[in-house]
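Q:
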Amino acid sequence: MANENYVSGLNTDSMFVPLKAATVYAAHEASIFLGGQLIPIVNAPNGVLQVPELAAVTAQTVSSESNADLETRLPADTKNTITANLYGARAVVRDLGNIDLNEIGRTLGNAVAKAFDEDVMSVVCSTTTEQEITSGNLDVDEIFKAVGTIRANGETGQLYGIVSANAYADLMTSVGSTAYAGGDFQTEALRTGFMGNIAGVQMFVSSYLTDTNADRGAINVKAAIFGSDAYRIAMQANVNIEVARRAAAVGNDVVASLHAKAGAIDFNRSVLIK
Numbered sequence: 039m040a041n042e043n044y045v046s047g048l049n050t051d052s053m054f055v056p057l058k059a060a061t062v063y064a065a066h067e068a069s070i071f072l073g074g075q076l077i078p079i080v081n082a083p084n085g086v087l088q089v090p091e092l093a094a095v096t097a098q099t100v101s102s103e104s105n106a107d108l109e110t111r112l113p114a115d116t117k118n119t120i121t122a123n124l125y126g127a128r129a130v131v132r133d134l135g136n137i138d139l140n141e142i143g144r145t146l147g148n149a150v151a152k153a154f155d156e157d158v159m160s161v162v163c164s165t166t167t168e169q170e171i172t173s174g175n176l177d178v179d180e181i182f183k184a185v186g187t188i189r190a191n192g193e194t195g196q197l198y199g200i201v202s203a204n205a206y207a208d209l210m211t212s213v214g215s216t217a218y219a220g221g222d223f224q225t226e227a228l229r230t231g232f233m234g235n236i237a238g239v240q241m242f243v244s245s246y247l248t249d250t251n252a253d254r255g256a257i258n259v260k261a262a263i264f265g266s267d268a269y270r271i272a273m274q275a276n277v278n279i280e281v282a283r284r285a286a287a288v289g290n291d292v293v294a295s296l297h298a299k300a301g302a303i304d305f306n307r308s309v310l311i312k
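Our numbering puts the first residue of the sequence shown at 39, with every later residue one more than the last.
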């Protein structure tokens with residue numbers, strides 16, 4: 039029988055806490071979407087989320103002398119249904135010494151985060167609003183064009199940008215050009231490697247923004263710019279860890295899981311640069 043005064047592979051309860059902490063921490067550190075900053079997360083306890091999208095209506099102008107009633111405006115609605123997926127990663131921890139439970143949790147957390155982020159990238163890249171680069175390389179001007187397109191469609195809120203790791207060097211070269219020489223923006227970007235804000239767009243770099251994850255063939259995806267209302271994430275259960283005794287393996291089953299899925303809501307608020 040396990041001694042509850044000590045942490046060991048024999049004691050499931052004492053193993054659970056460091057495993058869960060390491061798993062959840064690693065998953066949220068590795069993912070740019072699980073935190074809900076770029077794409078809002080909506081709780082979906084039953085695993086199904088319905089997000090209504092209401093079309094714009096035209097307001098009526100009535101003069102002070104008029105005695106006419108306002109006409110009824112009925113906004114057209116579109117129902118967007120998102121059904122959560124299950125992401126899981128499993129390991130078996132034997133009852134042997136020298137097992138670093140933090141490393142087990144970190145590995146499982148990274149696996150879950152990677153699978154989720156790759157699926158979210160596929161949704162982000164499914165937008166029908168595309169912008170083809172004419173110069174061949176991603177530069178700051180392309181970001182400006184994408185922002186203009188989204189603003190012209192009526193989006194006034196915060197915008198976010200994800201740059202492909204393959205296009206990162208080209209964009210940083212553009213930032214380092216003489217056109218931005220001596221400015222705080224160029225100095226900070228070149229010193230830290232973090233672009234921060236470009237034309238009001240909070241920029242991030244991800245190795246998961248690829249043609250493979252976009253699942254649209256060889257489109258040579260460079261970046262994606264979008265507003266927070268372009269997509270939603272249905273969250274049934276955030277990253278969690280379960281531990282169960284596995285007698286046949288003389289150890290414990292350790293399973294990290296995530297119940298969530300991203301869905302597209304309004305493509306007018308997003309642009310895919312390729």
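Idealized CB from N, CA, C, for every residue including glycine.
Whole angstroms is fine: what's the gap from V162's alpha carbon to A127's?
A: As a working note, residue 162 is residue 124 in the sequence shown. As a working note, residue 127 is residue 89 in the sequence shown. Taking the straight line joining both Cα atoms gives about 24 Å.
Q: Please report the straight-line C-alpha distance between T187 and V309, rounded to a whole angstrom.
A: Your numbering for residue 187 matches position 149 in the sequence shown. Your numbering for residue 309 matches position 271 in the sequence shown. So the two alpha carbons sit approximately 8 Å from each other.
Q: Skipping 5 residues on each side, what residues in its chain have a beta carbon closer than 6 Å to that of N306?
A: Locating residue 306 in the sequence shown gives position 268, where the first residue counts as 1. Contacts found: N191.
Q: Is it the case that the Cβ atoms of V130 and R283 are separated by a distance below 8 Å?
A: Position 92 of the sequence shown holds residue 130. Position 245 of the sequence shown holds residue 283. When the beta-carbon positions are compared, V130 and R283 stay at least 8 Å from each other.
Q: Based on Cα-Cα distance, which residue from I200, L112 and L247 lies nearest to S160?
A: As a first step, residue 160 must be located in the sequence shown, where it is residue number 122. Checking every option, the nearest Cα to that of S160 belongs to L247.
Q: Using the Cα positions of V213 and I181, report the straight-line distance between them to the nearest angstrom.
A: Start at 1 with the first residue of the sequence shown, and residue 213 comes out as number 175. Start at 1 with the first residue of the sequence shown, and residue 181 comes out as number 143. When rounded, the distance between both Cα atoms is 12 Å.
Q: Please state whether the Cβ-Cβ distance between A65 and A151 is less than 8 Å.
A: Here residue 65 corresponds to residue number 27 of the sequence shown, with the count starting at 1. Here residue 151 corresponds to residue number 113 of the sequence shown, with the count starting at 1. Yes, Cβ-Cβ distance for A65 and A151 is below 8 Å.
Q: Is there a Cβ from chain C that is less than 8 Å from the Cβ of A82?
A: Within the model displayed, chain C is absent; a lone protein chain is all it includes.
Q: Take the Cβ of A298 as the centre, count every other Cβ of all protein chains shown within 10 Å, and call the residue buried at 16 or more, exposed below.
A: As a working note, residue 298 is residue 260 in the sequence shown. Per the 10 Å Cβ criterion, buried.
Q: Specify the secondary structure class of K152 as computed by DSSP and reduced to three states.
A: Sequence index remark: in the sequence shown, residue 152 carries index 114 (1-based). Helix at K152.
Q: Take Y269 as the anchor and find which of E168, V293, I120 and G238 has the nearest alpha-carbon.
A: Position 231 of the sequence shown holds residue 269. Nearest of E168, V293, I120 and G238 to Y269, Cα basis: I120.
Q: In the structure shown, what three-state DSSP assignment does K299 receive?
A: Locating residue 299 in the sequence shown gives position 261, where the first residue counts as 1. Three-state DSSP puts K299 in a strand.
Q: Should I70 and F242 be called a contact, given that it needs their Cβ atoms to be closer than 8 Å?
A: The residue labelled residue 70 in the question sits at position 32 within the sequence shown. The residue labelled residue 242 in the question sits at position 204 within the sequence shown. The answer is yes: Cβ separation under 8 Å.
Q: Going by beta-carbon coordinates alone, are S21 and I200 separated by less than 8 Å?
A: Nothing can be reported for residue 21, as the shown portion of the chain is limited to 39 through 312.
Q: So does the region 85–103 actually touch the region 56–63, counting three or more Cβ pairs closer than 8 Å?
A: no
Q: Throw me the rounded Cβ distance for the K260 and A302 pair, which I believe falls under 8 Å.
A: To locate residue 260, count along the sequence shown from 1; it is residue 222. To locate residue 302, count along the sequence shown from 1; it is residue 264. Actually they are not in contact, since the Cβ atoms of K260 and A302 sit about 19 Å apart, beyond 8 Å.
Q: Quick check on V309: does DSSP put it in helix, strand or coil?
A: Start at 1 with the first residue of the sequence shown, and residue 309 comes out as number 271. V309 falls in the strand class under three-state DSSP.
Q: Would you report the Cα separation of A94 and K117, rounded to the nearest angstrom?
A: Here residue 94 refers to the residue found at position 56 of the sequence shown. Here residue 117 refers to the residue found at position 79 of the sequence shown. Using only the alpha carbons, I get a separation of about 15 Å.
Q: Rounded to a whole number of angstroms, what is the C-alpha to C-alpha distance between D253 and G174?
A: Indexing the sequence shown from 1 puts residue 253 at position 215. Indexing the sequence shown from 1 puts residue 174 at position 136. Near 21 Å, if we compare the C-alpha coordinates of G174 and D253.
Q: Taking the continuous alpha helix (DSSP H) assigned at G186, which residues delimit it?
A: Here residue 186 refers to the residue found at position 148 of the sequence shown. G186 -> alpha helix (DSSP H) spans V178 to A190.
Q: Here's a check: name, in chain order, each residue in its chain whose Cβ is nearer than 6 Å to the Cβ of Y63, leaving out the five neighbours to either side.
A: The residue given as residue 63 occupies position 25 in the sequence shown. Result list for Y63: empty, nothing under 6 Å.
Q: Nearest to E168 by alpha carbon, out of V281, N258, N278 and G289?
A: The count along the sequence shown starts at 1 and reaches residue 168 at position 130. Minimum Cα distance to E168 is reached at N258.
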